[in-house]
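Throughout, this note's numbering is defined as the position within the sequence shown, counted from one, plus 18.
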Amino acid sequence: MQIRVKDLTLHTLQVTPEEVQVGDTIVVKVGEKVPLDGKVIKGNSMLDTASLTGESVPRSVEVGDEVLSGVVNLNDVIYIEVTKPYADSTVSRIIDLVENSASKKAKIEKLQEIVNKNSLQDMDAEVDTDLINTEVNKEKELIEIKKVSGNNFEGTMMIVNDPSKISLATTYPWSEYGKELGVLVDDAGAIAGVNGGIYYSSGNKGGRPYGVTVSNGEVQDISLGLSGLYLIGFDENNLLRIINLEGMNKKDVEKMLKEEKIRDAISFQEEASDKNNHFVKLIINGEKRELNGMGSGANPRTAIGQRKDGSVLILVTDGRGKNGHLGATASDLIEIMAEYGAVNAANLDGGSSSSMYYNKEYFSEDDVKSLDKMLSIAAANNKKVAMEFDSGWYLYTFFGNTGLSLSIKPDGITNECNWNSQTGDITGAAIKQALNSIAANPGFVSMPNGDIAEHIKSGDVIAGISGVWDVMNVKEAWGENYGACKLPTYTVAGKEVQMSSFTGYKMMGVNSYSKNKEWACRLADWLTNQQNQELRFKEKNQGPSNSKAAESEEIKKVAAIQAIIAQSQYGTLQRVGNSYWDACKKFANTVLSGNNGGLSDQEVMDTLVIEITASAVK
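Written out as structure tokens, the structure is:
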């Protein structure tokens, strides 16, 4: 039963969800599930969306935000105006897709049953080292690289045929600052490297491993405060070991490390199956871990395994919006590792606004107002203006202020888009033609966002569309010539159009499974207050999330932050369905290649819109 409200102050009725009509207002109290799709008209709160997405981090909502049925209200009472009848609600559609049940239970209860079944079963088996032969076949290449993919992820499988070549690199002895993965790889003189293990977070400065850490036979740390810790690593015989540390004290661990002759190891955490995020064991002695459903939420993942011949499998997958992908689940990792012949395998890890930087040596303040002008100057100097053209985050900059539209439907899944419009002052085909010219300009280059800073350092990139994460690198490279500004204009259909941007935010959430939600919320409030956000800026040069802190004179002097503030008036809240990202990547690569495949510009735009608006449910 839920509350139906005709008047926010006077009349309330308890009714079943089937009785509620579109336009009615429902009250959802703390701890209750949202029974119907709608829009928040009063109050703000945090929502547990794990039942729909598998994501453990709650989502904040306020007046005007759309809410899907099936999520759980965590913090405060919210009033929701119903936008869909019960029969068309998200919960109803999911249940109808998942199972055709004759049960008379309310569908909101049925959804929870399905979610509860989406879990990993306990796996008590221990690694049998006699199943692995570590005698190296010297006729094989040391490393083989394979591409892997799934419905919601892309990744890379690295096969290392000599397990003795696998070792652990850390920043030990620990300091305040960590090191990027690439630096660790270089310092170790390694060919390649991946991240793994659970760690203490130290903000943007880095972190240090948690649990048991062993590198080249040296025990670097033993910390056992967390439940569900496992050791994952190699012994002196180059055998992959996956050892449960539950119930061990420090002396027990020290004894085990000596007896088992562990040479390199890290730790990861196995949480209760209902949390669906942390898990360790994937395959043990050739037996795949049993699952219900997907086994976990989708996330970027790193995993390791070993085949019968001793060769090591190292898998990395993307997620959390990168390339439009949600990520890999436990089911995905298990099936990939099994496909590649893993006898034993374990999970290792899981789990912005735009502005432009420019070199004042080449550009004046007037020059950077126009992308056409900047490309001309860059080409004349045999230099480049860089951006990640094939990312939906950055491709949107060319469409946002053209009068064409992109939005997400009330279902929270499917997109609406008219980027192929043939009417108005600016048509979709005209934008395509403008993008063709930009892509073909010798002063332009498309490159991954993470590569721009390195090319700035090398001198071939003199302007780049990126974010605040690159500030320090850019300042170091350009010194007094460093500048930052809002995005420029570009020419389309003979008009100068201000480039737009997606506007986003980062959130501090409280896990719905926390035993101390109130204290956690208080901590979040304290961390985000004006005083601490000003301190964060001084210590880390990061823009504050507190609006009062952002008004300080010191912060107003920071060029990158002011550039983002200036750009924000041309920004749009990033709310798109998953089909948007892959569609944009495909379209952008068509533009970059200069090959429409025999299609006209209008036909290319029609195809783009069809793919952006495609149903996420197949």
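Just so it is clear, CB atoms sit at the ideal spot from N, CA and C, and this is done for glycine as well.
Computed from a prediction, not measured in an experiment: that's the story for all the values here.
Hey, residue i and residue j: beta-carbon distance below 8 Å or not?
{"i": "N234", "j": "R307", "result": "no"}
{"i": "W437", "j": "M623", "result": "yes"}
{"i": "Q551", "j": "N564", "result": "yes"}
{"i": "I250", "j": "F297", "result": "no"}
{"i": "A210", "j": "V201", "result": "no"}
{"i": "L65", "j": "P35", "result": "no"}
{"i": "T320", "j": "V212", "result": "yes"}
{"i": "V58", "j": "D83", "result": "yes"}
{"i": "G214", "j": "D367", "result": "yes"}
{"i": "L389", "j": "P506", "result": "yes"}
{"i": "V479", "j": "K402", "result": "yes"}
{"i": "I483", "j": "M405", "result": "yes"}
{"i": "L263", "j": "V230", "result": "yes"}
{"i": "T631", "j": "N433", "result": "yes"}
{"i": "A448", "j": "V510", "result": "yes"}
Keeping to the same chain, check which residues put their C-beta closer than 8 Å to that of residue i; ignore five residues upstream and five downstream.
{"i": "D94", "result": "V48, G61, N62, S63"}
{"i": "N419", "result": "V515, Q516, M517, S518, Y588"}
{"i": "D652", "result": "Nothing in the structure corresponds to residue 652, since the chain is present only between 19 and 636."}
{"i": "V386", "result": "M374, Y376, M392, A481, G501, C503, P506"}
{"i": "D336", "result": "F171, E172, G173, P318, H343, G345"}
{"i": "S78", "result": "N62, S63, M64, L65, M525, G527"}
If distances are taken between C-alpha atoms only, which option among the options comes closest to residue i?
{"i": "A601", "options": "G418, S633, G612, N155", "result": "S633"}
{"i": "K427", "options": "L86, A458, K156, G485", "result": "L86"}
{"i": "A577", "options": "I630, G485, F605", "result": "G485"}
{"i": "D253", "options": "K268, G265, S241, V237", "result": "V237"}
{"i": "E494", "options": "W599, N377, E536, L610", "result": "N377"}
{"i": "T608", "options": "I480, F407, G246, N467", "result": "F407"}
{"i": "G446", "options": "E621, V100, E172, A396", "result": "E621"}
{"i": "L545", "options": "K533, V145, A567", "result": "A567"}
{"i": "R259", "options": "C539, V33, N365", "result": "N365"}
{"i": "P103", "options": "V81, T441, K51, Q39", "result": "Q39"}
{"i": "E144", "options": "A481, F605, I456, I301", "result": "I301"}
{"i": "H473", "options": "W496, I449, I456, N459", "result": "W496"}
{"i": "K183", "options": "G207, E353, G595, E172", "result": "G207"}
{"i": "M465", "options": "L92, E357, Y358, A606", "result": "A606"}
{"i": "D106", "options": "V463, L617, D429", "result": "D429"}
{"i": "D318", "options": "V334, S532, E353", "result": "What sits at residue 318 in the sequence shown is Pro, not Asp. Selected option, being the one with the closest Cα: V334."}
{"i": "S439", "options": "S597, E37, K475, V627", "result": "V627"}
{"i": "N499", "options": "E353, E379, F462", "result": "E379"}
{"i": "A360", "options": "E305, T347, S409", "result": "E305"}
Can you give me the Cβ contacts of residue i inside the same chain, cut-off strictly under 7 Å, excluding the 5 residues immediately before and after it?
{"i": "Q549", "result": "none"}
{"i": "Q451", "result": "D619"}
{"i": "F520", "result": "W411, Y414, G589, T590, Q592"}
{"i": "E288", "result": "G246, Y248, H296, F297, V298"}
Name, in chain order, the residues that DSSP records as bridge partners for residue i.
{"i": "V40", "result": "Note: V40 sits in no beta bridge, so no partner."}
{"i": "F520", "result": "T590"}
{"i": "Y508", "result": "V515"}
{"i": "C539", "result": "Looking at the DSSP assignment, C539 forms no beta bridge with any residue, so it has no partner."}
{"i": "K57", "result": "E84, E99"}
{"i": "S388", "result": "T507"}
{"i": "E552", "result": "DSSP output for E552 lists no bridge partner at all."}
Taking 6 Å as the limit between beta carbons, can you name the residues of its chain near residue i, skipping five residues before and five after?
{"i": "K504", "result": "A581, A584, Q585"}
{"i": "L424", "result": "C435"}
{"i": "D292", "result": "Bear in mind that a pLDDT of 45 at D292, under 50, signals an unreliable position, so the number given afterwards is only what the model happens to contain. The answer is none, since no qualifying residue turns up."}
{"i": "L186", "result": "S233, D282"}
{"i": "K164", "result": "M175"}
{"i": "A538", "result": "V528, S532"}
{"i": "V166", "result": "G173, M175, I354"}
{"i": "E629", "result": "A601"}
{"i": "V52", "result": "V46, V85, S87, V89"}
I'd like to know whether the C-beta of residue i is nearer than 8 Å to at least one C-beta of chain C.
{"i": "V528", "result": "Of the protein chains in this structure there is only one, and it is not chain C."}
Is it a yes or a no for the stretch 241 to 250 touching the stretch 259 to 273, going by three-plus beta-carbon pairs under 8 Å? In short, these stretches touch, since the Cβ pair count reaches three.
May I ask you to verify whether the stretch 144 to 162 touches the stretch 320 to 332, counting CB pairs closer than 8 Å and requiring at least 3? Counting Cβ pairs under 8 Å, three or more are found: they touch.
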